[in-house]
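Here is the structure we will look at.
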Amino acid sequence: MERFVFLLSNGLARGAVLALFALSLVIVWRAARVVNFAQAAMAVVAVYAAFALTAASGSYWIGLLGGLLTGALLGAAVERGLMRRLPNRTPLPGMICAIGLVMVLQAGLAIAFGPQHRPMRPPFSESPIVIGGVPVLSPYNLFVLATAAAVMGALALLFAKTSLGLRLRAAAFAPETSRLLGVRVPRMATIGWTLSLATASLAALLLVPVELGLNPHSVDLLFVNAFAVAVVGGLDSPIGALTAGLGIGVLVSLVTGYVSAAAAPLAVLALLTAVLLLRPGGLFAAKEARTA
Amino acid sequence: MSALECRRLTVGYGDGAPVLDELSLDVPDGAVLALLGANGAGKTTLLRALTGLAPVGGGRILLDGADLTGLSTEDRIRRGLALVPEGRSVVAELTVEENLRLGALWRHRGPARTRAVEAAYELFEPLARRRDAAGHTLSGGERQMLALARALVAEPTVLLLDEPSLGLAPLVVAQLLGVLRDTAERTGLTVLLAEQNVTGALSIADRGMVLSLGAVVADRPAAELAADPALRRAYLGF
């Protein structure tokens, strides 16, 4: 039982990071109808910026803020400088361009900083708090869960309750109709990319300190798992990203704890396959429209 | 004075012959103009060109005397144009209320926005009962009401409508056209109504204009146009 509680609580913390990163993929998909394969490479640039700022200032928090800002600005720059200029009749040019961007960014980081893993220290202890003799979440895991919950809550409020959120949703679902209502759709795409990359950068910044350390490929596995989360939840569904993220985080933790670490990716793959077979649009895919 | 003018407007797609070739028209301030013609006459292309959705090869578009020709769609809308496109284009994922608020966003702020949305519910009562329903759950008639209501909450100077009666029951069409006529009379709204439902369109219009192969072949008072059997047979098919 103790082990189960420990694995469950760790799985929730890991799942919160997965959900955040998956949410970032959902935001960019809704803004531009592109699966941004460069999301991990762009997020890792933000982590390097945070690493450099933390090293220079001695403050984790300045590094975190700088990393988020770098991610947001990179998102806006890639949308305005690259993605907007591509043909948009199919998602293929955007995806191919994103794959090219992965190669450029990762090679550039490796040239600039070297391929070695650089340790990043978390701002709080990783030792689990023991309650009634049972080890549960560490202070850092609590920080991760609280941060992820706050950011997801803020994004939910933004999208559901503000006029900017209404314009972002409308521009994503029906660009031409939105233009006919005076919505500046290209500007909404830029804001979508900015929000998406800030969110992805935050997820990466929360993950890297508890992994092997920082190198140009530190976020690759997070991207793979988060992509599975986004597909399982439904690429259009923020609620799907949250639910599937937490679910898959717990699944990976339990399989790793009770079976082996090598079996965890297989469990995710099996779940992904089952969802694609039974509900190809994802568990939270939009319902079919009325046609009469 | 003209609310909307086109001067020698040429519109085409790709390298083919232009769909509209040096077309000129005037829509007087406060008038309802029925734009009639068979399929392929160029009605939809004209409305899309006016709103910047179709490529203009030459000519000018003026709204209240101001040149719109080089402006983006969004800027034309913010200058006072509104288009209800063919196909009841509501945002299916948003609720009725959200669709209406979206229409009012750039025109109204705060309480004025809420008042504009409530006024739309008074015009179209069936929508008030379904304000929290998602667009994709609405019937065809409700969607068309929503598309029209959403255009009206922005209080445009000129309202363009592309076949609003398409696929709707006669009772719903009569209701929609009635609201349109009443609104135009009450507010002085200028309307350009592209329709294949010739009888319905001419029943509420001040003037009728017949397009054929991208050119204007008739531009007369609506009653006179409706009473011309030769023109009806030649260009309108009845």
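Residue numbers (our numbering), protein chains in the order written: chain F, 892 to 1183; chain G, 4 to 241.
C-beta atoms are modelled at their ideal positions from N, C-alpha and C, and glycine is treated no differently.
query = Between the stretch 962-973 of chain F and the stretch 1062-1072 of chain F, are three or more C-beta pairs nearer than 8 Å?
reply = no
Option in G:PRO232, G:GLY61 and G:ALA95 with minimal Cα separation from G:ARG146 = G:ALA95
message = Can you pull the chain G neighbours of F:ALA931, defined as C-beta to C-beta under 9 Å?
response = Near F:ALA931 there are no residues of chain G at all, since even the closest Cβ is about 28 Å away, more than 9 Å.
Presumed contact (8 Å Cβ cut-off) between F:LEU1098 and F:VAL896, rounded CB distance = Contact doesn't hold; Cβ gap of about 22 Å is too wide.
key: Between the CA atoms of F:SER915 and F:VAL1042 - distance to the nearest angstrom   = 11 Å
inquiry  = Could you check whether the Cβ of F:THR1164 sits closer than 8 Å to any Cβ belonging to chain G?
reply    = no
Beta-carbon neighbours of F:LEU1053, restricted to chain G and to distances below 7 Å = Reading off the sequence shown, one finds Thr at residue 1053 of chain F, where the question assumed Leu. Chain G residues near F:THR1053: none, gap ~11 Å exceeds 7 Å.
request  = Check the Cβ-Cβ distances between F:LEU973 and every residue of chain G, and say whether any is below 8 Å.
outcome  = no
query = Exposed or buried, G:PRO159, counting other C-beta atoms within 10 Å across all chains shown (16 or more means buried)?
reply = Flag for G:PRO159 reads buried.
Residues in the stretch 1146-1174 of chain F having any Cβ partner in chain G nearer than 8 Å = Listed by position, the residues of the stretch 1146-1174 of chain F near chain G (Cβ gap below 8 Å) amount to none.
query = Is the distance from the Cβ of G:THR76 to the Cβ of G:ILE64 below 8 Å?
reply = no
request  = Report the rounded CA-to-CA distance for G:VAL93 versus G:ARG81, giving the unit in angstroms.
outcome  = 19 Å
message = Considering only the alpha carbon of each residue, which of F:ARG1060, F:ILE987, F:ALA946 and F:GLY1173 lies closest to F:LEU1133?
response = F:GLY1173
ask   = Mind checking if G:GLU158 is an interface residue toward chain F, Cβ cutoff 8 Å exclusive?
value = Residue-level contact by beta carbon fails for G:GLU158 and chain F, as no gap is shorter than 8 Å.
key: Supposed contact pair F:VAL1122 and F:LEU1157 - C-beta distance, whole angstroms, cut 8 Å   = The pair is not a contact, with the Cβ atoms about 16 Å apart (cut-off 8 Å).
ask   = Who pairs with G:ASP29 in a beta bridge, going by DSSP?
value = G:GLU8
message = Suppose the cutoff is 6 Å on Cβ atoms and the five residues either side in sequence are ignored; what does the same chain contact list for F:ALA1063 look like?
response = ARG921 and ALA922
Delimiting residues of the beta strand (DSSP E) encompassing G:SER215 = 210-215
Assigned exposure category for F:LYS1052 - 16 Cβ within 10 Å defines buried = exposed
message = For a minimum of 3 consecutive residues, which ranges assigned as the beta strand (DSSP E) are wholly contained in the stretch 148-208 of chain G?
response = At a cut-off of 3 residues, the continuous stretches assigned as beta strand (DSSP E) that sit fully inside the stretch 148-208 of chain G are 161-165 and 193-198.
inquiry  = Residues of chain F with CB closer than 8 Å to the CB of G:THR54, please, in chain order.
reply    = LEU1071
query = Alpha carbon to alpha carbon, how far is G:LEU162 from G:LEU84?
reply = 6 Å
Interface partners of F:PHE1064 on chain G, CB under 9 Å = VAL94, ALA95, GLU96 and LEU97
query = From the beta carbon of G:GLY244, is the nearest beta carbon of chain F less than 8 Å away?
reply = Because residue 244 of chain G is not part of the residues shown, which for chain G are 4 to 241, the question remains open.
ask   = Mind pulling the chain G residues with CB within less than 8 Å of F:VAL919?
value = Neighbours of F:VAL919 on chain G: none; closest Cβ ~17 Å, over 8 Å.
ask   = Would you say F:ALA967 reaches chain G, if we count a Cβ-Cβ gap shorter than 8 Å as a contact?
value = no
inquiry  = Classify F:SER900: buried if its beta carbon has 16 or more other beta carbons within 10 angstroms, exposed otherwise.
reply    = Buried is the label assigned to F:SER900, since at least 16 other Cβ atoms lie within 10 Å of its Cβ.
message = Buried or exposed, going by whether 16 or more other CB atoms sit within 10 Å of the CB of G:VAL30?
response = buried
query = Which residue's Cα is closest to the Cα of G:ALA157: G:LEU23, G:GLY138, G:VAL99 and G:VAL120?
reply = G:VAL120
ask   = chain F beta carbons: is any one of them nearer than 8 Å to that of G:ARG223?
value = no
query = For a contact meaning CB atoms closer than 7 Å, what does G:LEU86 contact in chain F?
reply = For the C-beta of G:LEU86, the chain F residues within less than 7 Å are, from N- to C-terminus, LEU1071.
task = Reducing DSSP to helix, strand and coil, say where F:ILE1002 ends up.
result = helix
Residue span of the alpha helix (DSSP H) that contains F:ARG894, given as start and end = 893-923
inquiry  = Quick check: the stretch 981-992 of chain F against the stretch 925-940 of chain F, are at least 3 beta-carbon pairs closer than 8 Å?
reply    = yes
query = For F:GLY1136, which residues from the same chain have a beta carbon less than 6 Å from its beta carbon, with the 5 sequence-adjacent residues on both sides left out?
reply = GLY906, LEU909, ALA910, ALA913 and VAL1120
key: Under 9 Å from the C-beta of G:GLU101: neighbouring residues of chain F   = LEU1057, ARG1060 and ALA1061
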